[in-house]
Amino acid sequence: MTSGQSAALKLPSFLHGTFRSARQKAKREGLRCGEQYQKDGTFLLPRQMVDVPPGEVVVAHDVVDFQHERPAWRLYMVSDVMSGLREAVNWQNTLPMRDAYEDFCLETAWGALYFVLEQMGPVSAQRTAKRLQAVLNFWEPLESARYLFKKLGMAQTLEEVMVASCDWAMDAWCPLGDTSVRERLAMAAERMARATREDCLEAIFREMPRALEHAGKLMHRSVVADPDFQRERLATLDSWSFERVSGARSGDLIWLLTIWDRELEKQ
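Residue numbers (the working numbering): 919 to 1185.
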């Protein structure tokens, strides 16, 4: 599979249909790919790719998919492909396979958009950079469609969807300037790709206020909100643990804040 640009957005045929039919087809695709992965560690290309007419709506999140009997493009059902993959290997050692399938899919427009919106994590700055760069590689064809993401009944542009999903990345890694969303994402991806531990810390501290705002009930909020406390706790993380939050995604930082709050409660 090779990356590249196409005038039209192409999606696998297994992502189209009613809710039930698309789910069944996606699951079968996962089983098919899982069987191949067991043989030689590779994945199969989709059997059929279909051009999506410009302006057509793609359902990119299950929370906005209410018309189950209406045939539609259901991008979020890549998750059912992954369920089929796990089933094919009997749920054994699934994480390496999941990561390998993501790398495989990032060389496609549909896979790039799915994984940047799904935001499986916690993830490192480097993996986040790969996800963002993959979307940027396919920006033109992806831009030709419209998406139902998290706003009910409101189709959005690619730029609007990326803001809704990845504003944290731009704020943490490219906080200044009046440049376009595409340019800010490109700068964020570049900085993440070559980030040192100190660069990641700076991004984390830029994103911490948002994480605190959305962290919900914290018994020791004033303590965990203290930058000195945060820096001290971050310094104790081993390289593997730090890498998992090095992208500075607000959801991952909320996870950290919650853990720290529970640790204080036990003291």
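Think of the CB as a built atom: it goes at the ideal place given N, C-alpha and C, for glycine as much as any other residue.
Counting along the chain, Leu-929 sits inside the beta strand (DSSP E) bounded by residues 927 to 930. Looking at the DSSP output, Ala-990 bridges to Gly-935.
For Met-1015, no beta strand (DSSP E) encloses it; the enclosing alpha helix (DSSP H) starts and ends at 1012 to 1023. The distance from the Cβ of Tyr-1019 to that of Phe-1067 is about 22 angstroms, inconsistent with a contact at the 8 angstroms cut-off. In the DSSP assignment, Leu-1066 falls outside any alpha helix (DSSP H) and lies within the beta strand (DSSP E) extending over 1064 to 1066. As the crow flies, the alpha-carbon of Lys-943 is around 44 angstroms from that of Glu-1120.
Shown here for Gln-954: same chain residues with a beta carbon closer than 8 angstroms to its own, the five before and five after excluded, namely Thr-960, Phe-961 and Leu-962 in chain order.
Here Ser-1164 is not near Ala-1052, since their CB atoms are 8 angstroms or more apart. The stretch 1132 to 1151 makes no contact with the stretch 1083 to 1095: fewer than 3 CB pairs, one atom from each, lie closer than 8 angstroms. Bridge pairing for Asp-969: Lys-928 [DSSP]. Between Ala-1111 and Ala-1104, the alpha-carbon positions lie close to 11 angstroms from each other.
For Val-1142, no beta strand (DSSP E) segment is defined; the enclosing uninterrupted segment is the alpha helix (DSSP H) at 1139 to 1142. Taking each of Gly-1169, Glu-1061 and Leu-1171 in turn and checking the Cα distance to Val-976, the smallest one comes out for Glu-1061. In chain order, Gln-1148 and Leu-1171 place their CB closer than 7 angstroms to the CB of Met-1126, counting only its own chain and leaving out the 5 sequence neighbours on each side. In terms of CA proximity to Lys-945, Pro-964 leads the group Pro-964, Ala-1027 and Ala-925.
Between the C-alpha atoms of Thr-1176 and Ser-1159 there is a straight-line separation of about 15 angstroms.
For a cut-off of 8 angstroms, the C-beta gap from Leu-1003 to Cys-1084 is around 25 angstroms, too long to register as a contact.
Per DSSP, Val-982 lies in no beta strand (DSSP E) segment and is marked neither H nor E. Going by DSSP, Val-1163 is part of the alpha helix (DSSP H) stretching over 1157 to 1163.
Listed as beta-bridge partners of Gln-1074 by DSSP are Tyr-1065. For Ser-931, same chain residues with a beta-carbon under 6 angstroms away, outside a window of 5 residues either side, are Gln-966 and Val-968 in chain order. Residue burial is scored here from C-beta neighbours: Asp-1156 has fewer than 16 other C-beta atoms within 10 angstroms and is therefore classed as exposed. Within the same chain, and ignoring the five residues on either side of Leu-1070 in sequence, the residues whose Cβ sits closer than 6 angstroms to its Cβ are Val-982. The three-state reading of DSSP puts Val-975 in strand, counting E and B together.
Residue Ala-1143 holds the alpha-carbon nearest to the alpha-carbon of Leu-1182 among Ala-1143, Phe-1056, Ala-1153 and Ala-1129. In the three-state reduction of the DSSP assignment, Cys-1092 falls in the coil class.
Distance from the Cα of Ser-939 is smallest, within the candidate group Ala-925, Asp-998 and Ala-926, for Asp-998. Sorting Ile-1122, Asp-1179 and Arg-1128 by C-alpha distance to the C-alpha of Ala-1153 places Ile-1122 at the top.
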